[in-house]
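Numbering (my numbering), first residue to last: 125 to 391. For reference, the structure is listed below as structure tokens.
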């Protein structure tokens, strides 16, 4: 399972019928989510954390251990590396990975910055693959991490090329929560920002998701202008001022995104 920002609610696509949800599966994933954040808890601590009996939790943990998704050291439980295997197979089995990974690495080498390719999944932005340049800042971004789309440039770059109805649905589902005082939290302001992004062909986010952190992104589009992904260049605000973001780095991001688009189209 990918890392999820603490303020992002569970994904509940509208087409999912609650009457068709398997409650035992919900319990299993609640346990998995708890193990992501807990520090090698015991059976009792897992049961307390998810609000279930030790007997019920033990059965789920035993099933997860059987299939390699949970491991046990002494009395402590933690997630198994089977999740990593599954995630890497999914990531590297996609055409986008083969095309985007070398482009992202080239941008990181050229700019010295942290560079990501992100995709949209269930109305959230998901970090797909990344690379660090020589002067990259350290962040908690990992492949599979999910974020709201409205408070970082990659998400906004993709939102700009979705239909108005699709954007409305995403906002209805997740809202526009603030990460910093610079985050867009007004629906009208967001749509105005998306129009600017379409006009200029790239998006910026100045301290909208993290103080002291600037990003610039360009969308990877199909021939019919549907967003496939976005290329993100990120760094410390003092090294990535507005002028550089709107100039040199925007050009680099757009160039990389265009190359990925062409390679996907003609590969």
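All residues carry an ideal CB built from backbone N, CA and C; glycine is no exception.
Nearest to residue 256 by alpha-carbon distance, out of 156, 321 and 238, is 238. Between residue 197 and residue 353, the alpha-carbon positions lie close to 39 Å from each other.
With respect to residue 374, residue 337 sits apart: the two C-beta atoms are not nearer than 8 Å. Burial is judged here by how many other beta carbons sit within 10 angstroms of a residue's own beta carbon; residue 192 has fewer than 16 and is exposed. Shortest Cα-Cα distance from residue 152 to any of 302, 385, 277 and 188 involves 188. Residue 147 counts as exposed, since fewer than 16 other C-beta atoms from the protein chains shown sit within 10 angstroms of its C-beta. With a beta-carbon spacing of about 6 Å, residue 357 and residue 235 fall inside the 8 Å limit used to define contacts. When Cβ pairs closer than 8 Å are counted between the two stretches, the stretch 333 to 352 is seen to touch the stretch 271 to 290, the count reaching three or more.
Between residue 331 and residue 370, the gap from beta carbon to beta carbon reaches 8 Å or more. Taking 8 Å as the upper bound for CB-CB distance, residue 376 and residue 231 are in contact here, some 6 Å apart. In terms of Cα proximity to residue 299, the closest of 324, 320 and 271 is 271. In the three-state reduction of the DSSP assignment, residue 168 falls in the helix class, which pools H, G and I. DSSP, read as helix, strand or coil, puts residue 282 in helix. A distance of 8 Å or more separates the beta carbons of residue 183 and residue 168.
In this structure, residue 174 keeps its C-beta atom at 8 Å or more from the C-beta atom of residue 185. One thing to note: residue 265 has its Cβ no nearer than 8 Å to the Cβ of residue 252. In the DSSP assignment, residue 375 is bridged to no other residue. In this structure, the beta-carbon distance from residue 240 to residue 254 falls below 8 Å. Distance between residue 258 and residue 233, taken at the CA atoms: about 7 Å. With 16 or more other Cβ atoms from the protein chains shown falling within 10 Å of its own Cβ, residue 388 counts as buried. When DSSP states are grouped into helix, strand and coil, residue 148 belongs to the helix group.
Closest in alpha carbon position to residue 268, among 363, 301 and 246, is 246.
Contact check for residue 342 against residue 328 fails: the beta carbons are separated by 8 Å or more.
Taking C-beta separations shorter than 6 Å and ignoring five residues to either side along the sequence, the partners of residue 244 in its chain run 282, following chain order. Sequence-distant Cβ neighbours of residue 159 in its own chain, meaning closer than 8 Å and more than five residues away, are 165, 170, 194, 201, 202 and 203.
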